[in-house]
Amino acid sequence: MKILVVGASGRVGGDLVKQLLADEHQVIGTTRQKEKLFDNDSYTQLDLDITASKDSIEKQLDQDIDAVYFVAGSGGKNVLEVDLHGAVKTMQAAQDKGIKRYIMLSTVFSLQTDKWEENPGISDLKEYYICKHYADHWLVNNSTLDYTIVQPGALKERAGTGKITIDDTSSGENAIEDVATTLAAVLTADNTIGKVFNMHNGDSDINEAITTV
Ligand SMILES: NC(=O)c1ccc[n+]([C@@H]2O[C@H](COP(=O)([O-])OP(=O)(O)OC[C@H]3O[C@@H](n4cnc5c(N)ncnc54)[C@H](OP(=O)(O)O)[C@@H]3O)[C@@H](O)[C@H]2O)c1
Numbered sequence: 001m002k003i004l005v006v007g008a009s010g011r012v013g014g015d016l017v018k019q020l021l022a023d024e025h026q027v028i029g030t031t032r033q034k035e036k037l038f039d040n041d042s043y044t045q046l047d048l049d050i051t052a053s054k055d056s057i058e059k060q061l062d063q064d065i066d067a068v069y070f071v072a073g074s075g076g077k078n079v080l081e082v083d084l085h086g087a088v089k090t091m092q093a094a095q096d097k098g099i100k101r102y103i104m105l106s107t108v109f110s111l112q113t114d115k116w117e118e119n120p121g122i123s124d125l126k127e128y129y130i131c132k133h134y135a136d137h138w139l140v141n142n143s144t145l146d147y148t149i150v151q152p153g154a155l156k157e158r159a160g161t162g163k164i165t166i167d168d169t170s171s172g173e174n175a176i177e178d179v180a181t182t183l184a185a186v187l188t189a190d191n192t193i194g195k196v197f198n199m200h201n202g203d204s205d206i207n208e209a210i211t212t213v
């Protein structure tokens, strides 16, 4: 498949691109960096800034992309323009281009506002959470995309375990590699289309866990 990864230079994005290339997909990765991130014949790079207009984002997208991953984020520095409006513009551009599949890296409880008060980590990130909430809300309620929204808790730079828990009611930590593996597994798991699920490291093999979504 031909896959667009918005945010290929990120911690999750980098691991995700590696896994998609290992799965023999053709990957277009986006970054505003000039240097090519991956030396692989199946990898091409796009200099994409999602604070640009929807029309200019759309013009940069190939018609024959099979799926879009959104794994970009402002790191709290520009949440309205990047995590909210930037994300929604990529959804609109994908939809207008006739691309159907869209996989969003979100965050635990983004759509469950009732959980925000009881999780102190979330109240410290309120503006980011509000942006992720409305971006996810747009994807679910305003788009016609075949979406999957993956909602991990805290991302940790440690070795992947290959094991996760899905649809838990509690938050938890995630090895970045396991989040990338989960995102990659979702691509061909049609049972995840139109679904939102949270995840953290746990007891089930990732591919097995995905079948329960
Ligand atoms: N941190 C956590 O514990 C946590 C927990 C749950 C979910 N998440 C979600 O996971 C996402 C990815 O995390 P990460 O640590 O992998 O992020 P990261 O390493 O900070 O990478 C951010 C990515 O976003 C891109 N980006 C930033 N501004 C952009 C813009 N204006 N236009 C286009 N691309 C832009 C960057 O590309 P450039 O190369 O162009 O800079 C980069 O590829 C976060 O944004 C967050 O929503 C995080």
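Note that my numbering gives residue 57 to position 57 of the sequence shown, counting from 1, and the numbers run on in steps of one.
Positions of the beta carbon are idealized from the N, C-alpha and C atoms, including for glycine.
Please read these numbers as outputs of a predicted model, since none were measured by experiment.
Can you tell me the Cα-Cα spacing of residue i and residue j, whole angstroms?
i: Glu58; j: Gln33; result: 20 Å
i: Ala184; j: Lys100; result: 17 Å
i: Ala72; j: Asp146; result: 19 Å
i: Ser143; j: Gln26; result: 25 Å
i: Ala209; j: Asp203; result: 9 Å
What span of residues does the beta strand (DSSP E) with residue i cover, start to end?
i: Asp146; result: 146–152
i: Met231; result: In this structure the chain extends from 1 to 213, so residue 231 is not present and cannot be described.
Does the beta-carbon of residue i have 16 or more other beta-carbons within 10 angstroms, so that it is buried, or is it exposed?
i: Lys89; result: buried
i: Asp15; result: buried
i: Glu177; result: buried
i: Gly29; result: buried
i: Thr107; result: buried
Taking the alpha helix (DSSP H) that residue i falls in, what are its first and last residues?
i: Gly194; result: Element bounds for Gly194: n/a, residue is neither H nor E.
i: Leu111; result: Element bounds for Leu111: n/a, residue is neither H nor E.
i: Arg11; result: 11–22
i: Glu127; result: 126–141
i: Lys54; result: 54–60
i: Lys89; result: 87–97
i: Leu216; result: With the chain represented from 1 up to 213, any question about residue 216 goes unanswered, as that position is not in the structure.
Using beta carbons (cut-off 8 Å, strictly below), is residue i in contact with chain D?
i: Thr188; result: Structure shown: chain D not included; a single protein chain is present.
Between the Cα of residue i and the Cα atoms of the options, which residue gives the shortest distance?
i: Ala94; options: Asn191, Asp83, Ala67, Ser110; result: Ala67
i: Val140; options: Ser171, Ile103, Thr113; result: Ile103
i: Ala159; options: Leu20, Leu80, Ala180; result: Ala180
i: Thr215; options: Lys126, Val12, Leu46, Gly194; result: Residue 215 cannot be examined here, being either before or after the span of the chain that is shown, 1 to 213.
i: Val79; options: Gln60, Lys126, Lys54; result: Lys126
i: Asp64; options: Ile164, Leu21, Lys97, Gln19; result: Lys97
i: Asp49; options: Thr211, Thr169, Thr192, Asp83; result: Asp83
Looking at the strands, I want to know which residues DSSP matches up with residue i.
i: Gln45; result: Gly29
i: Met199; result: Pro152, Ile166
i: Val6; result: Thr30, Phe70
i: Asp205; result: Lys163
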